[in-house]
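Residue numbers for the sequence shown follow the working numbering, beginning at 4 and rising by one. The beta carbon of each residue, even a glycine, is placed where N, CA and C say it ideally should be. Please read these numbers as outputs of a predicted model, since none were measured by experiment.
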Amino acid sequence: MTLDSALQSEVAEALSPYRGAAVVVSASTGDILAMASSPSFDANTLEAEWADLTVRADAPLLNRATQGRYQPGMMLAPLLLSVAADDGAVTLDQAVEGLTGVVNVDGEQLRCALTPRVIDQAEGAASYATALYFGCPAPLSQLGTRLGAAWIDETIATYALRETALGELEPEQPTLPETPAAGSVPGLEAIGQGGLAVTPLQLARAYAALRSSGALPLLRIVSGLEEPGGAWVDLPLEQGTRQTASAAAAAAALMALDRDSGDFRAMAASALTGSGGRRVNWFAGASGEGEPGLVVVVVLENGTLADAWRIGKQALGGARAAVR
Numbered sequence: 004m005t006l007d008s009a010l011q012s013e014v015a016e017a018l019s020p021y022r023g024a025a026v027v028v029s030a031s032t033g034d035i036l037a038m039a040s041s042p043s044f045d046a047n048t049l050e051a052e053w054a055d056l057t058v059r060a061d062a063p064l065l066n067r068a069t070q071g072r073y074q075p076g077m078m079l080a081p082l083l084l085s086v087a088a089d090d091g092a093v094t095l096d097q098a099v100e101g102l103t104g105v106v107n108v109d110g111e112q113l114r115c116a117l118t119p120r121v122i123d124q125a126e127g128a129a130s131y132a133t134a135l136y137f138g139c140p141a142p143l144s145q146l147g148t149r150l151g152a153a154w155i156d157e158t159i160a161t162y163a164l165r166e167t168a169l170g171e172l173e174p175e176q177p178t179l180p181e182t183p184a185a186g187s188v189p190g191l192e193a194i195g196q197g198g199l200a201v202t203p204l205q206l207a208r209a210y211a212a213l214r215s216s217g218a219l220p221l222l223r224i225v226s227g228l229e230e231p232g233g234a235w236v237d238l239p240l241e242q243g244t245r246q247t248a249s250a251a252a253a254a255a256a257l258m259a260l261d262r263d264s265g266d267f268r269a270m271a272a273s274a275l276t277g278s279g280g281r282r283v284n285w286f287a288g289a290s291g292e293g294e295p296g297l298v299v300v301v302v303l304e305n306g307t308l309a310d311a312w313r314i315g316k317q318a319l320g321g322a323r324a325a326v327r
């Protein structure tokens with residue numbers, strides 16, 4: 004298995020007070036280093052507790068990392084901007100208007116995930132990179148309206164967000180429609196508040212593409228097999244051949260998310276889901292340049308955005324220690 008036992012335990016423990024999932028991936032190899040879902044269950048007592056587990060409201064039998072499907076919210080933004088930059092539609096340093104504008108979604112209001120500094124809100128100071136850094140939806144919503152539903156759908160397909168990320172662990176995904184769904188609103192689709200729902204594993208693969216110069220990795224969780232005679236045979240590492248964005252565009256999108264003077268890159272956002280203003284909280288982080296490529300994705304159905312950030316940053320630190 005590709006899972007690192009110590010990292011797996013650390014991630015599962017950090018996640019345990021919440022409902023959600025976390026995935027840690029090596030961007031260059033596609034190896035899944037940790038994958039946790041919470042709440043979980045004890046496999047040793049599964050038979051005895053089956054009746055209770057199947058009716059619990061918090062669904063411990065659901066593997067939220069591979070089967071939980073959530074609207075991505077602004078987590079789509081770096082992916083969309085990498086392709087838009089390649090298409091010549093935008094540059095990351097291009098000025099935007101209405102950085103802190105509100106986007107209305109089914110009667111609820113979406114704002115910046117982090118409050119921009121006063122200097123960033125000055126006229127002419129804000130750019131698409133600024134919108135990424137602070138998770139501000141208004142500029143991306145405006146861009147989606149300009150580029151249209153078909154372009155957004157093609158970009159979603161480019162990052163394989165409607166395809167299974169690892170077939171043996173995921174249910175089959177719906178076939179990608181040839182045209183956008185009737186009634187789709189590009190301004191909402193562009194900020195992940197439309198018809199798209201993704202698993203944490205799918206989003207981790209997409210961010211791994213950003214971290215590996217735009218190359219979409221082939222994920223794996225099995226690294227070897229035991230032969231009948233007992234010998235262990237390593238499976239060859241398969242390299243993906245799909246390019247999502249150019250290396251320059253992928254690097255620029257990640258660079259806009261630099262935290263702690265480039266120590267790591269991270270995006271966090273809340274996505275509205277269901278009715279009554281309910282939200283899920285996302286974190287996606289990547290290791291900095293000059294070190295092994297690592298990606299962490301966390302989603303929480305409860306808790307706060309700060310909780311998702313804390314768990315994700317801890318998982319990234321644990322992954323760095325594991326690969327040294």
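Ranking 7, 287, 281, 295 by CA distance to the CA of residue 196 puts 281 first. Remark: fewer than three beta-carbon pairs, one from each stretch, lie closer than 8 Å, so the segment 64-73 and the segment 125-145 are not flagged as touching. By the C-beta criterion, the segment 301-310 is judged to be in contact with the segment 23-33, since at least 3 inter-stretch pairs fall below 8 Å. With respect to residue 220, residue 212 sits close: the two C-beta atoms are nearer than 8 Å. Excluding the 5 residues flanking it on each side, residue 138 has same chain C-beta neighbours closer than 8 Å at 77, 80, 115, 116, 117, 270, 271, 272, in chain order. Note that the C-beta distance between residue 248 and residue 217 is below 8 Å.
By the beta-carbon neighbour count (other beta carbons within 10 angstroms, threshold 16), residue 4 is exposed.
Taking a cut-off of 8 Å on C-beta distances, the segment 138-155 touches the segment 82-90, as three or more cross pairs fall below it.
Within the DSSP secondary-structure output, residue 291 pairs in no beta bridge. Shown here, residue 149 sits in a helix according to DSSP, grouped into three states. In terms of CA proximity to residue 134, 99 leads the group 99, 158, 109.
Cβ contact annotation for residue 6 (same chain, cutoff 8 Å, sequence separation greater than five): 35, 36, 37, 38, 224, in chain order. Distance from the Cα of residue 170 is smallest, within the candidate group 106, 258, 222, 314, for 222.
Boundaries cannot be given for residue 65, as no alpha helix (DSSP H) includes it and DSSP labels it neither H nor E. Looking at the DSSP output, residue 270 bridges to 287. Counting of Cβ neighbours within 10 angstroms places residue 293 among the exposed residues, the total staying below 16. Per DSSP, reduced to three states, the secondary structure at residue 252 is helical. In this structure, the alpha-carbon of residue 208 lies about 25 Å from that of residue 91. If you look at residue 204, you'll find it in the alpha helix (DSSP H) that goes 203-214.
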